[in-house]
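Numbers in my numbering are just positions in the sequence shown, counted from 1, shifted up by 2. Encoded as structure tokens, the structure appears first; notes follow it.
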Amino acid sequence: MSAIRRARPIGRSIATPRRHQSTQAPNIEAARTYCQELLRNHDYPSYILSTFTPHSVRDAHLAIRAFNVDLALIPDLTSNTTVGRIRMQFWRDTIEKTYASTPPKEPVALLLSKVLHTDSLPLTKSFFLKLITARETYLGNKPYPTLDSLESYSESTYSSLHYLSLEALNYKSTTLDHIASHIGKASGIAAVLRGTPLLASRGPNSANAAVILPVEVCAKHNLRQEDVIRHGGKAAGLKDVVFEVATRANDHLITAREMLKRAGNEATGLAFTTFLPAVPTSLYLSRLEKLDFDVFDPSLQMREWRLPWKAYMANTRRQF
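Right, dumping it as structure tokens:
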């Protein structure tokens, strides 16, 4: 989720590109609208943050984030892990075909193809493939063995999204990548916390109910998965587990902020817009702390009404 650049074809008649535009432009517009709606419905923070993305790479932002949403939805839209793996393979094939200029008629693929071959943005294919592999590994709502494995998963998924966003702006910097890595890890860990009540609240008699919090941390605080499924936020030890996991996410945000200060102008130019996902992650962790780490509090599932303003202020001040 190797850089590829495509030059515009030459030697064609004037009529040819006109016909191409008349058939392709509506398809791209429809693909763009599809990706926007996908984010609005399933990844509202990314939908809001697209406003702050430079216009030249907005399609890249939409395609990258919509790709991630489509992968994230696979467990909910497939009946078992076998079907889920088939769907993951579809996306592997789709990425290969899209990079080869033969995308299937799938909205995310069409918009990504436009980004790669018309906008000529150098997005590394391996990041997309790495994201697919990471999400496939945890199909079936398998719990993370350790906090480190959750962190590694977050690096492969959310950090990869940040690397792609930096590439879209043609940044190649170890310093910026390190900031992106920490923000991605924080965002991935926070996403698992946010999803905990949704997975566990499917009911004690549901075969799909699950708790994917790190097993090692749960054992440390004597938290049993079945207790979370049966008792929700009242499960003994849950708040201690959530506190430890949330602390790791917050530590990554603190490190990212310190690195941002040291990076100077390199990080506060256009590159800063790729760091804005730190804002919704920080807002979620702050709300969680105020609620005494009760991850089941219903208010945590509500859209953060302060996000547009907080993102605007962060973008203006170049601080998150």
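Glycine residues also receive a C-beta, built at the ideal position from the N, C-alpha and C atoms. Predicted, not measured: the structure shown is a model, and the values here were computed from it.
- Minimum Cα-Cα distance from P145 among the listed residues V194, D299, E108 and A102 corresponds to V194.
- Counting only the Cα atoms, S128 lies some 11 angstroms from S158.
- Per DSSP, the unbroken alpha helix (DSSP H) holding Q227 starts and ends at Q227 to H233.
- Each residue's CA atom was taken as its position, placing A313 and L64 some 17 angstroms apart.
- Three or more beta-carbon pairs separated by less than 8 angstroms are not found between the stretch 155-171 and the stretch 99-111, which leaves the two stretches without contact.
- Relative to the Cα of L133, the nearest Cα in the group R67, W311, P216 and L123 belongs to R67.
- Y173 is a Cβ neighbour of A273, given a cutoff of 7 angstroms.
- Sequence-distant partners of L293 (beyond 5 residues in either direction) whose C-beta falls short of 8 angstroms from its own C-beta, in its chain, are D299, S301 and L302.
- With a 10 Å radius around the Cβ and a threshold of 16 neighbouring Cβ atoms, D95 comes out exposed.
- Distance from the CA of T148 to the CA of T318, rounded to the nearest whole angstrom, comes to 38 angstroms.
- Secondary structure within the stretch 49-117: the alpha helix (DSSP H) runs of 4 or more consecutive residues, fully enclosed, are 60-79, 83-101 and 109-115 (chain order).
- Burial is judged here by how many other beta carbons sit within 10 angstroms of a residue's own beta carbon; D61 has at least 16 and is buried.
- Taking all protein chains in view, the Cβ of A258 is crowded by 16 or more other Cβ atoms within 10 Å, so the residue is classified as buried.
- The DSSP-derived three-state label of G197 is helix.
- In the three-state scheme derived from DSSP, where H, G and I count as helix and E and B as strand, W311 is classed as helix.
- Judged by DSSP secondary structure, R305 falls outside any alpha helix (DSSP H); it is assigned neither H nor E.
- Three or more Cβ pairs closer than 8 angstroms define a contact, and the stretch 271-288 falls short of that threshold against the stretch 213-227.
- Shown here for L123: same chain residues with a beta carbon closer than 6 angstroms to its own, the five before and five after excluded, namely A62, V117 and A170 in chain order.
- Pairing L141 with G86 gives a Cβ-Cβ distance under 7 angstroms.
- Under the three-state reduction of DSSP, A237 is assigned to coil, being neither helix nor strand.
- Between the alpha carbons of D121 and H57 lies a distance of about 12 angstroms.
- The closest CA to that of N210, considering only L201, R232, P216 and E218, is found on L201.
- The C-beta separation of T275 from T55 comes to about 6 angstroms, placing the pair in contact by the 8 angstroms criterion.
- Annotation: C37 to F322 spans about 26 angstroms, alpha carbon to alpha carbon.
- Under the DSSP assignment, N267 falls in the alpha helix (DSSP H) whose first and last residues are N267 to T270.
- Taking 7 angstroms as the cut-off, the Cβ atoms of K187 and E153 count as close.
- Apart from the 5 residues on each side of it in sequence, P216 sits with its Cβ closer than 6 angstroms to the Cβ of Y146, T148, L149 and L152 in its chain, given in chain order.
- Where I134 is concerned, the enclosing alpha helix (DSSP H) starts and stops at K127 to T139.
- Cα atoms of V230 and L240: separation of roughly 7 angstroms, rounded to the nearest angstrom.
- Annotation for L112: N29, I30, A33 and P105 place their beta carbon closer than 7 angstroms to its own, counting only its chain and skipping 5 residues before and after.
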